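Quick note: the sequence shown uses this note's numbering, first residue 10, plus one each step.
Just so you know, even glycine gets a beta-carbon here, dropped at the ideal spot from N, CA and C.
Remember, predicted model here, so these are calculated numbers, not experimental data.
To start, the structure itself, in structure tokens.
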Amino acid sequence: MTEKQLFEYSGYNVSSLKYLSLYKLTELRVIWSAPIQVEYFPNLTELVVHSCRRLIYIFSPTIARNFPQMRRLNICEQTPSQHQLQPICFPNLSSITIISCVNLRCLFPITLAHGGLPKLYRLELEDIPLLEQVFEEDESNVSKDEEEVIHLPRLTHLKLDWLPYLMSFSPLGSHFIFPSLTDLRVKDCPNIYTRFSVDSKDSVHAKTQVSQSVDEIIVEESATAPEIAWPIGSDIYWWNGEGGEDESDFEY
């Protein structure tokens, strides 16, 4: 592959395309660069980008709006130029898998969690050596007097694996609640200070707060009475085995 741009919009009819896989396109810089309309990719549901190491970005915010049916996004062996993925909103996106992306320091702005991923059921992050945060604080909203509670209502699978520099799942003062989570895996994330716990209704919590003493943690746990609370920085393998999304066609 010697071309730096994949699609010349006027030259292709891709209206029926549902699955697009890009593998080892070593010179590819841009997949789609010009403004595009919904009719070009109205049925694209899955995008796999693997070992396209010179790719500058995958989606710009403007282009991302034009994939109304996008459900699964799989990014592997990438070296993107940005330290953060572009803020995007896919109303039907249900699965995000990112593996071996060496330059990423954070993935999404925290604003994306506020309604930008309403159908997300699976989030898998593995071997991203410089990743520091999954959801990063919005610089325009850095001061908070109260805890910020955020729900990802349909998330059932969360995997964080070999993220040695990961400090937190989300910004300081944030509290994520996953009421539908059935599978939680956290492995080799020794520096994370986000605390994971499960309440009496089997909702999983990911709470990022200022470092506490052992006595403070004991007092807080006695007040909130979580059913399960894991030590900060520990490996976690938790499976509820009840409920969850019916996604049997997805390889896990």
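For residue i and residue j, what's the separation of their Cα atoms in angstroms?
i      : j      : result
Lys128 : Phe76  : 15 Å
Val158 : Ser103 : 21 Å
Glu36  : Pro235 : 51 Å
His123 : His160 : 8 Å
Phe8   : Leu121 : Look at the range of the chain in this structure, 10 to 261, and you will see that residue 8 is not part of it.
Arg194 : Lys210 : 19 Å
His184 : Tyr246 : 20 Å
Val57  : Leu175 : 24 Å
Ser212 : Ile237 : 10 Å
Asn112 : Ile65  : 12 Å
Leu265 : His166 : Residue 265 falls outside the range modelled here, since the chain spans only 10 to 261, and no answer is possible.
Leu177 : Ile84  : The sequence given here places Ser at residue 177; Leu does not occur at that position. Taking the straight line from one Cα to the other gives about 21 Å.
Give the C-beta separation of residue i and residue j to the nearest angstrom, bearing in mind that I take them to be a contact with Cβ-Cβ under 8 Å.
i      : j      : result
Glu135 : Ile108 : 5 Å
Glu146 : Ile119 : 6 Å
Asn249 : Thr203 : Actually they do not touch by this definition, with Cβ atoms about 20 Å apart.
Leu82  : Arg114 : Between Arg114 and Leu82 the Cβ distance is about 19 Å, and since that is not below 8 Å, they are no contact.
Cys110 : Ile67  : Incorrect: roughly 10 Å between the Cβ atoms, too far for contact.
Thr106 : Glu86  : Actually they are not in contact, since the Cβ atoms of Thr106 and Glu86 sit about 12 Å apart, beyond 8 Å.
Trp239 : Phe205 : 5 Å
Could you have a look at residue i and say whether DSSP puts it in helix, strand or coil?
i      : result
Tyr28  : strand
Leu335 : Given a span of 10 to 261 for the chain in the structure shown, any question on residue 335 remains unanswerable.
Tyr174 : coil
Tyr49  : helix
Leu169 : strand
Leu121 : helix
Asp192 : strand
Val158 : strand
Leu56  : strand
Tyr246 : strand
Phe76  : coil
Phe187 : strand
Leu15  : coil
Since residue i sits in a beta bridge, which residues does DSSP pair it with?
i      : result
Thr106 : Asn83 and Glu133
Gln142 : Cys115 and Ser177
Trp41  : None, per the DSSP bridge assignment.
Ser206 : His214 and Ala238
Phe99  : Looking at the DSSP assignment, Phe99 forms no beta bridge with any residue, so it has no partner.
Mind checking if residue i is an interface residue toward chain D, Cβ cutoff 8 Å exclusive?
i     : result
Tyr66 : In the structure shown, chain D cannot be found, because there is only a single protein chain.
Leaving out the 5 sequence neighbours to the left and right, which residues in its chain are closer than 7 Å to residue i when beta-carbon positions are compared?
i      : result
Arg163 : Lys128, Leu129, Tyr130, Ser189 and Glu254
Arg80  : Thr54, Glu55, Asn101, Leu102, Ser103 and Ser104
Arg63  : Thr35, Glu36, Leu37 and Arg38
Asp208 : His214, Pro235 and Glu236
Can you find the residues in the same chain that come closer than 6 Å, C-beta to C-beta, to residue i, ignoring five residues on each side of it along the sequence?
i      : result
Ile40  : Leu15
Leu181 : Thr217
Tyr28  : Glu55
Cys61  : Leu31, Leu34 and Leu37
Leu169 : Leu134, Val195 and Cys198
Spatial neighbours of residue i within its chain, please: C-beta separation below 8 Å, excluding the five flanking residues on both sides.
i      : result
Gly242 : Cys198, Pro199, Asn200, Ile201 and Tyr202
Pro51  : Ser24, Pro77 and Gln78
Ser179 : Ile119, Ala122, Gln142, Val143, Phe144, Ile159, Phe185, Thr203, Ala215 and Thr217
Any heavy atom of the ligand ADP closer than 7 Å to the CB of residue i?
i      : result
Ile237 : Looking for the ligand ADP in the displayed structure turns up nothing, as the structure carries no ligands at all.
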